[in-house]
Amino acid sequence: MKKLYIIICLVISMGALFLGYKNIEAKQSLSFNIKEYQNQKGTGKTVKVDGIKDQKKGKKINTLLLEDSKAVLSPYDLNDENVTVMMDVNYSYVEESNQLIVIYKGIYNNKTAAHPTVFYAISNIDLSKAKRIDDSNNIDIKKLTKAIQEGKFTVIAESDELKQAQKEYLLSISSKDYNQMFRNINFKEKNGKIILPEVFLIKKENKTTVILPTFHALGDYAEIEVNTKDVQ
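Offset between the sequence shown (1-based) and our numbering: plus 168.
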């Protein structure tokens, strides 16, 4: 029995991650819809883009989005009777850069495990070029590590207590561990396979958002912001 429950929340703004971005799709004659698909692991959801004049480019964009969605769910056997996955699929269209950002955020629960696990993933697609955007290529990883270790970041979390706990944890991580962690940022294709990364990063003009893994007691992931000028 497939147990994937998808809660679709179509949002104009994604909170801190998308501050300063506008959603104006009407001028582009684009439409975005949630599409269900089947694979060997069960039922999944992806965002489908319509209205791209170049049909070849439009097909490529939707393929990229489908690949990323499948990669997000790849660790989980959705046909397992013990498994339940609840996932929110949110998207934001950035008119200025003709960019589509899709957030996958949810909870994986296995009855045989001690506790559920929270997951968070981001697809970032350039609709003009039909390519994934990897902002990690536009920052200095050593400077990012230094900024975090010097406490030059803001934690985005639901409570002050969680913010403080996550900040203390991130400050305790060694340069060696950060260097290892930052080898795997954002979705990438390797040997024909999409790699699900540990870290996601979105670079904006003034702020850069980074999603990093933590342990379960701290929510499984931390969302932070650093000044873009500090990591370039």
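Every residue, glycine too, gets a C-beta built ideally from N, C-alpha and C.
Below 8 Å on the Cβ atoms is my contact criterion, and I expect residue i with residue j to pass it. Report the Cβ-Cβ distance as a whole number of Å.
i, j, result
"valine 270", "leucine 233", "7 Å"
"lysine 213", "isoleucine 202", "6 Å"
"valine 378", "isoleucine 392", "5 Å"
"valine 253", "leucine 312", "Contact flag wrong, Cβ pair sits at about 31 Å."
"lysine 371", "aspartate 328", "About 27 Å; that fails the 8 Å criterion."
Under the rule that 16 or more other beta-carbon atoms within 10 Å means buried, what is residue i, buried or exposed?
i, result
"alanine 390", "buried"
"serine 343", "exposed"
"glutamate 373", "exposed"
"glutamate 199", "In the sequence as presented, glutamate is not what sits at residue 199; that position holds serine. Under this definition serine 199 is an exposed residue."
"leucine 282", "First, the residue type needs correcting, since residue 282 is alanine and not leucine in the sequence shown. Under this definition alanine 282 is an exposed residue."
"valine 251", "buried"
"leucine 339", "exposed"
"glutamate 249", "exposed"
"asparagine 354", "buried"
"glycine 360", "exposed"
"glutamine 334", "buried"
"glutamine 400", "exposed"
"valine 286", "exposed"
"proline 243", "exposed"
"glycine 319", "exposed"
How far does the beta strand (DSSP E) with residue i in it reach, from first residue to last?
i, result
"threonine 285", "285-294"
"aspartate 256", "251-262"
"asparagine 277", "267-278"
"aspartate 357", "A small correction: the amino acid at residue 357 is glutamate; aspartate does not occupy that position in the sequence shown. Taken as a continuous stretch (DSSP letters only), the beta strand (DSSP E) holding glutamate 357 covers 356-358."
Mapping the DSSP letters down to three states, classify residue i as helix, strand or coil.
i, result
"aspartate 302", "coil"
"tyrosine 244", "coil"
"serine 199", "strand"
"leucine 386", "helix"
Under DSSP, the alpha helix (DSSP H) around residue i begins and ends at which residues?
i, result
"isoleucine 309", "309-317"
"isoleucine 229", "223-241"
"leucine 380", "Here leucine 380 belongs to no alpha helix (DSSP H); instead the beta strand (DSSP E) covers 375-381."
"glutamate 393", "Run containing glutamate 393: none in the alpha helix (DSSP H); it sits in the beta strand (DSSP E), 389-395."
"glutamate 336", "328-340"
"glutamine 348", "343-349"
Handout entry: the segment 373-387 in contact with the segment 257-267 per 3-pair CB rule at 8 Å
Key = Contact fails between the segment 373-387 and the segment 257-267, because fewer than three Cβ pairs, one in each stretch, are under 8 Å apart.
Practice task
Say whether the segment 320-331 touches the segment 281-300, bearing in mind that this needs 3 or more beta-carbon pairs closer than 8 Å, one atom from each stretch.
Solution key: Flag = no, the segment 320-331 and the segment 281-300 do not touch.
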